[in-house]
Amino acid sequence: MLRKIIVTVCIILCFVLQCSVFDSLSFAGIIPNLMIVLTSSFGFMRGEREGLVIGFFCGLLSDVFFGSFLGFYAMLLMYIGFLNGKFCKIFYPEDIKLPLALIVVSDLSYGIICYILTFMLRSRFEFAYYFLHIILPEALYTIVVTLFLYPAILKVNEKLENHERKRAQKFV
276 MLRKIIVTVC IILCFVLQCS VFDSLSFAGI IPNLMIVLTS SFGFMRGERE
326 GLVIGFFCGL LSDVFFGSFL GFYAMLLMYI GFLNGKFCKI FYPEDIKLPL
376 ALIVVSDLSY GIICYILTFM LRSRFEFAYY FLHIILPEAL YTIVVTLFLY
426 PAILKVNEKL ENHERKRAQK FV
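Those letters in the sequence shown? Residues 276 to 447, by my numbering.
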């Protein structure tokens with residue numbers, strides 16, 4: 276129960292930070308995607324199911340506040356969380372290279388899929404422009420923010436796992 280409350284607070288906090296603080300810190304209209312950082316992080320730290328669930332709720336928040344129709348971002352972030360959860364078995368907390376690589380790939384994939392489904396299908400074929408001016412800068416900005424946000428997410432996850440281990444030992 277504590278994990279659900281803490282994760283819900285993390286989702287809401289990242290959403291509010293993305294919409295308010297980082298919106299005012301935008302570079303040329305580009306803001307980091309904290310929802311992808313959170314979804315990817317919990318995906319490879321906790322596994323496919325947790326990544327899928329957190330991705331759904333992060334995407335649902337994005338859909339409700341920014342989406343044209345309900346479910347697009349929820350589905351996209353669910354897939355991202357699920358695929359990042361596939362790397363749970365090779366995740367080591369002290370290694371930051373895997374999380375950074377997965378978050379970069381997730382953000383680039385997110386941007387490309389959003390371009391294909393929201394722009395290209397409406398006959399807007401300026402992919403090179405969109406990639407160089409939107410997708411790539413967002414991925415770079417997201418990585419810079421990840422260097423500071425990921426250790427906090429890792430610390431929260433470690434505290435929750437320690438709490439769960441202590442509770443499990445009480446019942447044994």
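Cβ coordinates follow ideal geometry from the N, Cα and C atoms, glycine included.
- Query: Are the CB atoms of Pro307 and Phe297 nearer to each other than 7 Å?
  - Reply: Yes; because the gap between Cβ atoms is below 7 Å, this pair is in contact.
- Message: Looking at the secondary structure, which residues open and close the alpha helix (DSSP H) in which Ala403 lies?
- Response: Phe402 to Tyr405
- Item | Residue environment, Ala303, which counts as buried when at least 16 other CB atoms sit within 10 Å | The residue in question, Ala303, is exposed, as its Cβ has fewer than 16 Cβ neighbours within 10 Å.
- Item | Met350 vs Leu327 beta-carbon contact at 7 Å | no
- Message: Taking the alpha-carbon of Met310 as reference, which of Ile286, Arg321 and Glu401 has the nearest alpha-carbon?
- Response: Ile286
- Could you please give me the residues that DSSP links to Phe302 through a beta bridge? Ile305
- Message: Residues in the same chain with beta-carbon distance under 7 Å from Ser295, minus the five sequence neighbours each way, listed in chain order, please.
- Response: Counting only Cβ-Cβ distances below 7 Å, and skipping sequence neighbours, we find nothing.
- Item | C-beta contact flag for Ala414 and Leu392 at 7 Å | no
- Item | Nearest-angstrom Cβ-Cβ length linking Tyr390 and Phe402, presumed shorter than 8 Å | 7 Å
- Query: Looking at the unbroken alpha helix (DSSP H) that takes in Glu369, where does it start and where does it end?
  - Reply: Careful: Glu369 lies outside any alpha helix (DSSP H) and carries neither H nor E.
- Message: With the cut-off set at 7 Å, would you say Arg278 and Leu435 are in Cβ contact?
- Response: yes
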